[in-house]
Each structure stands twice: as structure tokens, then as C-alpha cells.
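Under our numbering, the first residue of the sequence shown carries the number 65, and numbering increases by one thereafter.
Positions of the beta carbon are idealized from the N, C-alpha and C atoms, including for glycine.
First the structure, in the form of C-alpha cells, and then the observations on it.
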Amino acid sequence: MPMSEMLRSQYAIQVEGKQFIEEREGYQKEHYIYFTIPAGNKEMILMEQATLAYFLRENGMSSVAYPIRNINGEWFTNHGNGLWMVLVLEDYSQASVSESTGKKLGDIHRIGSSFQYEPKAISSYGTWRKLWEEKLTFFEEELTRQAKEEAASSYLSEVMDVLPYIVGISENAIQYLRESEKEQRILQTDQGTVAFSRWSTFGKSIIWTDELVYDHPTRDIAEYIRFSFLHNRPDTEINQFLNDYQNYQPLSVFAWRLIFARLFFPIHLYDFLEEGFQYQDFQRLEQLIKHQEVYERRLAKFYEMTGVDVSDWRIPMISWL
65 MPMSEMLRSQ YAIQVEGKQF IEEREGYQKE HYIYFTIPAG NKEMILMEQA TLAYFLRENG
125 MSSVAYPIRN INGEWFTNHG NGLWMVLVLE DYSQASVSES TGKKLGDIHR IGSSFQYEPK
185 AISSYGTWRK LWEEKLTFFE EELTRQAKEE AASSYLSEVM DVLPYIVGIS ENAIQYLRES
245 EKEQRILQTD QGTVAFSRWS TFGKSIIWTD ELVYDHPTRD IAEYIRFSFL HNRPDTEINQ
305 FLNDYQNYQP LSVFAWRLIF ARLFFPIHLY DFLEEGFQYQ DFQRLEQLIK HQEVYERRLA
365 KFYEMTGVDV SDWRIPMISW L
């Protein structure tokens, strides 16, 4: 049974056509576009994300794809063999990708910081070190187990060759974060806010409910810069983003150190390894490892590039980068 039938029977929506927006399939009716997302085993997460989505929308963020209830007043709908939630986006034609990325993110963080309740299931605020330590331990143990128990593929052999590097740089990043957590030079803008699981925004204009988290605002700033490093975006573009952002949300010394720590921790490599449990891409693995040298060179010059005076601000550097 197609999703359009679920929308008709469970939401009283007779769709008029389909279109893809930011790689998501949408069903259109007049100036509304509806999207279905799987909800199985994620009900608590999605409801916390829904709360943040409505908060953003109620405070002036119009480009939010937010959840709606079905005809029975329920947020989740059984359909086929799964459980679903429906998001609606209004007036997509008015969504603009031309707005400064830094300004838009600064607006989101400014609004999100006034949210009074810290979610439980989707909050990573203040827990990066614990999460990174858990991620490192899991991947080290799981990949080692696979190497011992399964027939060694060329992909897994390559992963095991690079695993000591990933472990080493991860431990260094965790230590840098541990020291940074002692930093006392903070601002009001260091409180928790609405953030995103992975923020890049290149060519994106929609705030999707199922991408929302609650975290320190530097999460999104670091992920934007990580994306820029990985895709060879120029330093001038990164600095423009940071300048635009700081016109709305100034960064503390503590925040700068968190940004560097998050860039230092190889989240992009862990994301790839996680995908590799389902789909092994040997060529992309080689490209990522080769590009890691470029990434490290840019990271080594991060503070210099952004104009942060590490000597004056007494910010420690990583000597081997």
C-alpha cells in the first residue's frame, strides 16, 4: 500500500503530486508538502525532536518540516509493516538558501538557547567525552572481533591497518577535550541549545525534525568546518561563516577550544566505519585516509586561520599536528 494511501486514509490528505526536496520524497497538496519518516523504536526521540521543532516554528523559524497528528489525534501511524510519523512543510517556495549560513545558524542557536527544558533522549550537552570514549571502545572491540571471527576481506584488512591511527588520534582528542573542560572563560552563549546531528547546510534550507538534537552550539559550528575541510572549501568561506555567526552569537575561549576538540576527534571516520557495517566501500575508505593528511594540515592551522591568538588567550596546541 503506497504512502499516498496512508496519507489519504489516516490523515485525510489527498495528495496531488510528488517532488523531491533535499533528497527526501514529498507528497504535495496545495502549498503543503508532506514527508513520511520511519518511527519504529524511536518514538521518544522523535517526540523530543518534535518539541524542539515546534519551539523553533513558534519563535519565527518558518522553514521547519514539523510533525502532524493523524485523524485519530496520534503522532504515530501503523502502516504496512512499520510505524510512521508525518512531517509537513509549508510554503517551500519561500524557503531561501541565499541567507548567510552563519546568520541562519546564529538565529537558530539564539532561539534554541531560550528553550527551558533539556531533553533526555537527544541531549549530548556536556557529555561529549563520555560519548567519544564509548564510541572508541565499541569500534575498537567490534572491529577486532570481526577481524578474528570473520574471513578477512580486503576492506576489513584495510580498516584494521588504519585502526591504530584512529585509536591514537581519538585518545589525543579526548585528552584535549578533558583539558578544555577545565576552561573557565565562558559566556552566556555556552548554554545548551537546539542543534543538529550533522550540520553542513550546503544547498540546504529546511530544518528537518528528525535531524534535531540538544547540545552545545559549537557542535554545529565544528561540523560545518569539518564538512568544509573534507570538501576543500576555502578558508575565506569558513571565516565568513564564523564572522556572520558571531554577529549574533559571540564565541568564548571555551567555545573555541570545544570547536577544535570536536574537529580533532575523527567523527567523519567513525561515521564511515558505521556505514561499513552495512555497506563496505573500499574506494571511499582509501580516499578518506588519503585526505586525512590534508585534513590534519588544515586543522593544525585552524586557530591561525580563524585569527585566534593562542598565545594571548593561553590556548594549548597539539605539538605533533
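Rounded to whole angstroms, what's the CA-CA distance from residue i to residue j? Just pull it up for me.
i           : j           : result
residue 230 : residue 112 : 33 angstroms
residue 296 : residue 359 : 9 angstroms
residue 187 : residue 279 : 6 angstroms
residue 214 : residue 356 : 28 angstroms
residue 217 : residue 204 : 17 angstroms
residue 283 : residue 209 : 31 angstroms
residue 181 : residue 136 : 28 angstroms
residue 143 : residue 70  : 7 angstroms
residue 342 : residue 98  : 29 angstroms
residue 89  : residue 119 : 25 angstroms
residue 190 : residue 72  : 43 angstroms
residue 76  : residue 344 : 42 angstroms
residue 202 : residue 239 : 18 angstroms
residue 301 : residue 195 : 30 angstroms
residue 354 : residue 96  : 44 angstroms
residue 122 : residue 179 : 11 angstroms
residue 117 : residue 139 : 14 angstroms
residue 125 : residue 281 : 17 angstroms
Compute the beta-carbon to beta-carbon distance between residue i and residue j, rounded to the nearest angstrom, for a pair I have assumed lies under 8 angstroms.
i           : j           : result
residue 247 : residue 260 : The Cβ separation is near 24 angstroms, so there is no contact.
residue 328 : residue 237 : 4 angstroms
Here's a check: name, in chain order, each residue in its chain whose Cβ is nearer than 6 angstroms to the Cβ of residue i, leaving out the five neighbours to either side.
i           : result
residue 176 : 257 and 258
residue 67  : 100
residue 141 : 74, 134 and 148
residue 132 : 150 and 152
residue 299 : 369
residue 362 : 293
residue 377 : 317
If you drop the 5 nearest sequence neighbours on each side, which residues of the same chain put their C-beta closer than 7 angstroms to that of residue i?
i           : result
residue 270 : 85, 86, 127, 129, 153 and 159
residue 312 : 167, 170, 171 and 174
residue 250 : 316 and 318
residue 224 : 207 and 211
residue 109 : 185 and 186
residue 314 : 251 and 253
Can the beta-carbon of residue i be found less than 8 angstroms from the beta-carbon of residue j?
i           : j           : result
residue 285 : residue 309 : yes
residue 379 : residue 321 : yes
residue 115 : residue 150 : no
residue 266 : residue 291 : yes
residue 106 : residue 92  : no
residue 254 : residue 319 : yes
residue 200 : residue 244 : no
residue 227 : residue 192 : no
residue 294 : residue 370 : no
residue 102 : residue 146 : yes
residue 349 : residue 219 : yes
residue 346 : residue 198 : no
residue 272 : residue 287 : no
Using a Cβ-Cβ cutoff of less than 8 angstroms, which residues in the same chain neighbour residue i once the five nearest sequence positions on both sides are dropped?
i           : result
residue 352 : 332, 333 and 336
residue 364 : 382 and 385
Name the DSSP bridge partner or partners of residue i?
i           : result
residue 148 : 102 and 141
residue 272 : 129
residue 259 : 277
residue 343 : According to DSSP, which records beta bridges pairwise, residue 343 is partnered with nothing at all.
residue 85  : 88
residue 360 : Its beta-bridge partners do not exist; DSSP assigns none.
residue 97  : 92 and 153
residue 221 : In DSSP, residue 221 forms no bridge with anything.
residue 187 : 278
Beta carbon of residue i: closer than 7 angstroms to some heavy atom of the ligand FAD?
i           : result
residue 147 : Among the ligands in the structure shown, none appear at all, so the ligand FAD cannot be discussed.
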